[in-house]
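J.:
Protein chains: 2
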Amino acid sequence: MSNPTAAMLVIGDEILSGRTRDANMHHLSGQLTQYGIDLKEVRVVSDDRPAIIAAVQTLSHSYDQVFTSGGIGPTHDDITADCIAAAFGAQIDVRADARAILQAHYNEQQLELNEARLRMARIPDVAVLIDNPISKAPGFSLGNVHVMAGVPAIFQAMVASILPTLTGGKPLISKSYRVERGEGDIAAPLSALADSYPTLSIGSYPFQKNGLFGANVVMRGTDIDILNQAMIRLKAEFPA
Amino acid sequence: MSNPTAAMLVIGDEILSGRTRDANMHHLSGQLTQYGIDLKEVRVVSDDRPAIIAAVQTLSHSYDQVFTSGGIGPTHDDITADCIAAAFGAQIDVRADARAILQAHYNEQQLELNEARLRMARIPDVAVLIDNPISKAPGFSLGNVHVMAGVPAIFQAMVASILPTLTGGKPLISKSYRVERGEGDIAAPLSALADSYPTLSIGSYPFQKNGLFGANVVMRGTDIDILNQAMIRLKAEFPA
């Protein structure tokens, strides 16, 4: 049986303008690989209602799980929650459970739960809250879409709390081998190896360092015995 | 007149598996912003023929320019060039001009231009080559799609050579101001500001450092006078 599939949707003008370097994609991809969920696609869209809604609908139809990051804060450009609700035709308003979490947090901080902060309690009716241990404002899961904050520390905490609730598959195991030959010399034997082991994903990642050409050959699969067999053949082709 | 729009397509299992952290998106987004081309969407897909073809077709229809990175090397997993040709219904084969570039390069290196390396001369009939000053194997432009290598140094060199051939718009100017108040306190005045200046994109990026809550407010637009006006109002709302 093949692993569950996933997509990620990164929401934010600041990534597309080059102001901010996204860090969440790299974190999520590593976590999903360990967890046996195959990340198949990532999209980055701007803070634009039609763009977010269209992407959510397409991705949630095409993949088993969808993870979003960004756009769930208190300011006018934080429109993710409302867009997710619209994508699913769900009702959204300030929800009592989310409001209680925020009220407790701001009481403790002696800050007012004003109208802007209250926007962070806007949660679709049938969504399940995702805990935010850092700044309290929750994320949520609606259907197969998991809506999380863009701030990396909060995103990571939310991923950690959501992953154990999902059905994972076989973790993808990865083995790599450094070959100090140009990729053009490696290509033919590697292609033959890929044909012999159709269950493995075999990639070649070239490098050039201090005038030395080479490639890191990476094999990925879920069966350690097959991976080991293929690695023995690779090393025989290209002895260190 | 609004600026030209663009999308980026990153091709590679190694990004989706978390093995490699993509660096090209951040580079391209910064370059396009300076050049007055609005990057509206980024997609990352795996080394999968149908996924690449579908993404190229969608993006090239939806945006003025499309930039791809990855999958144009000599190994079996380098399928980008053939997928781009298929997406446009174009013929592709080893092309004489690309072959001559590679032949000269490998002659100089005293390496054989073998079958694998020759794959890098597979270029669609009507495409225009993009110079690769680093490892010579060219990228190409076909229609509004610009196909470039995934290795960051080569990608950057190719972007530098392709951008001056495109029609840019007004560079997006960005001004930011650090407010040491919680985002919830900033939100209402910021929303009013956004309503007053509809041609500006105003974003708020929260931080939390050493127990201090705050946000960097970023305003982007193409008219420096309007930006300056809005910044004066923002600073009046939140004096340093």
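Each protein sequence line maps, in turn, to chains A and B.
Taking this note's numbering, the leading residue of the first sequence gets 1, the next gets one more, and so forth.
Taking this note's numbering, the leading residue of the second sequence gets 1001, the next gets one more, and so forth.
No residue lacks a Cβ here, since even glycine has one placed at the ideal position from N, Cα and C.
From a predicted model like this one, the values you see are computed outputs, not experimental measurements.
Closer than 7 Å by C-beta to residue 23 of chain A: which residues in its own chain qualify, once you throw out the five before and the five after it? Chain order, please.
T.: Correct list, in chain order: 152.
J.: Using a Cβ-Cβ distance cut-off of 8 Å, determine whether residue 1043 of chain B contacts chain A.
T.: Residue 1043 of chain B counts as touching chain A.
J.: Which residues of the stretch 94-117 of chain A have a Cβ closer than 7 Å to any Cβ of chain B? Give them in chain order.
T.: Result list: 111, 114, 115, 116 and 117.
J.: Which residues in chain B sit within 8 Å of residue 13 of chain A, going by Cβ to Cβ distance?
T.: Those within 8 Å of residue 13 of chain A in chain B are 1201, 1203 and 1220.
J.: Tell me the rounded alpha-carbon separation between residue 50 of chain A and residue 60 of chain A.
T.: Near 15 Å, if we compare the C-alpha coordinates of residue 60 of chain A and residue 50 of chain A.
J.: Going by Cα to Cα distance, which pick from A:45, A:195 and A:129 is closest to residue 165 of chain A?
T.: Comparing Cα-Cα distances from residue 165 of chain A to each of A:45, A:195 and A:129, the minimum goes to A:129.
J.: Relative to chain B, which residues along the stretch 19-45 of chain A have a C-beta separation below 9 Å, given in chain order?
T.: Listed by position along the chain: 19, 20, 21, 22, 23, 25, 26, 27, 28, 29, 30, 31, 32, 33, 34, 38, 39, 40, 41, 42, 43, 44 and 45.
J.: Quick check on residue 946 of chain B: buried or exposed, where buried means 16 or more other Cβ atoms within 10 Å of its Cβ?
T.: A question about residue 946 of chain B goes unanswered here, because the residues of chain B that appear run from 1001 up to 1240.
J.: Consult DSSP for residue 1146 of chain B and reduce its assignment to one of helix, strand or coil.
T.: DSSP places residue 1146 of chain B in strand when its eight states are reduced to three.
J.: Does any CB atom of chain A fall closer than 8 Å to the CB of residue 1076 of chain B?
T.: It does: the Cβ of residue 1076 of chain B has a partner Cβ on chain A nearer than 8 Å.
J.: Please tell me whether residue 1017 of chain B has its Cβ less than 8 Å away from any Cβ of chain A.
T.: It does: the Cβ of residue 1017 of chain B has a partner Cβ on chain A nearer than 8 Å.
J.: Check the Cβ-Cβ distances between residue 1186 of chain B and every residue of chain A, and say whether any is below 8 Å.
T.: Yes - at least one Cβ of chain A is within 8 Å of the one on residue 1186 of chain B.
J.: Contact between the stretch 134-146 of chain A and the stretch 167-178 of chain A: three or more CB pairs below 8 Å?
T.: Segments in contact, no.
J.: Quick one: residues in its chain with C-beta nearer than 7 Å to the C-beta of residue 1134 of chain B, no 5 flanking neighbours on either side, listed in chain order?
T.: Excluding sequence neighbours, residue 1134 of chain B sits near 1153, 1154 and 1157.
J.: Count the other CB atoms, across all protein chains shown, that sit within 10 Å of the CB of residue 220 of chain A; report buried if there are 16 or more and exposed otherwise.
T.: Its Cβ being crowded by 16 or more others within 10 Å, residue 220 of chain A is buried.
J.: Under 8 Å between C-beta atoms, does residue 1163 of chain B make it to chain A?
T.: Cβ-Cβ to chain A under 8 Å: no for residue 1163 of chain B.
J.: Out of curiosity, what's the CA-to-CA distance linking residue 91 of chain A and residue 83 of chain A?
T.: Straight-line Cα distance between these residues: approximately 11 Å.
J.: Along chain A, in chain order, which residues have C-beta atoms closer than 8 Å to that of residue 1234 of chain B?
T.: The contacting residues do not exist; residue 1234 of chain B stays about 13 Å from chain A at best.
J.: Using CA coordinates, which residue listed in B:1006, B:1183, B:1011 and B:1017 is at the minimum distance from residue 1040 of chain B?
T.: Checking every option, the nearest Cα to that of residue 1040 of chain B belongs to B:1006.
J.: Can you name the residues of chain A whose CB is closer than 7 Å to the CB of residue 1206 of chain B?
T.: By Cβ distance, chain A contributes 73 and 151.
J.: Checking 8 Å against the spacing of the C-beta atoms, do residue 123 of chain A and residue 81 of chain A come in under that value?
T.: In this structure, residue 81 of chain A lies closer than 8 Å to residue 123 of chain A by Cβ.
J.: Are residue 12 of chain A and residue 71 of chain A close, meaning C-beta to C-beta below 8 Å?
T.: Yes, the pair counts as a contact, with Cβ atoms nearer than the cut-off.
J.: Does the pairing of the stretch 63-79 of chain A with the stretch 1199-1216 of chain B give three or more beta-carbon distances under 8 Å?
T.: Yes: the two stretches touch, three or more of their Cβ pairs being nearer than 8 Å.
J.: Determine the direct distance from the alpha carbon of residue 230 of chain A to that of residue 188 of chain A, and round the result to whole angstroms.
T.: Whole-angstrom Cα-Cα distance: 15 Å.
J.: Taking the alpha helix (DSSP H) that residue 1030 of chain B falls in, what are its first and last residues?
T.: Its alpha helix (DSSP H) spans residues 1024-1035.
J.: What does residue 1194 of chain B reach in chain A if we use C-beta pairs closer than 8 Å?
T.: The contacting residues are 76 and 77.
J.: For residue 1168 of chain B, decide whether its Cβ has a neighbour in chain A, counting only Cβ atoms nearer than 8 Å.
T.: No, residue 1168 of chain B lies away from the interface with chain A (no Cβ there is under 8 Å from its Cβ).
J.: Per DSSP, what are the beta-bridge partners of residue 43 of chain A in this structure?
T.: Beta-bridge pairing links residue 43 of chain A to A:9 and B:1043.
J.: Can you tell me whether residue 206 of chain A is buried or exposed, with buried defined as 16 or more other CB within 10 angstroms of its CB?
T.: Counting Cβ neighbours within 10 Å, residue 206 of chain A comes out buried, since at least 16 surround it.
J.: Determine the burial state of residue 1003 of chain B: buried for a count of at least 16 other Cβ atoms within 10 Å of its Cβ, exposed for fewer.
T.: By the 10 Å Cβ count, residue 1003 of chain B comes out buried.
J.: Taking the C-alpha atoms as reference points, what is the distance between residue 1095 of chain B and residue 1195 of chain B?
T.: So the alpha carbons of these two residues sit roughly 54 Å apart.
J.: By the DSSP assignment, the beta strand (DSSP E) with residue 66 of chain A in it spans what residues?
T.: Element bounds for residue 66 of chain A: 65-69.
J.: For the beta strand (DSSP E) containing residue 1197 of chain B, name the first residue and the last one.
T.: From DSSP, residue 1197 of chain B is part of no beta strand (DSSP E); its letter is neither H nor E.
J.: Excluding sequence positions up to five away, which residues of its chain have a Cβ less than 7 Å from the Cβ of residue 53 of chain A?
T.: Only 83, 86 and 87 meet the Cβ criterion.
J.: Buried or exposed, going by whether 16 or more other CB atoms sit within 10 Å of the CB of residue 1102 of chain B?
T.: Residue 1102 of chain B is buried by the Cβ-count criterion.
J.: I want to see whether chain B comes within less than 8 Å of residue 180 of chain A, judged by CB atoms only; does it?
T.: Chain B, which has no Cβ nearer than 8 Å to the Cβ of residue 180 of chain A, makes this no.
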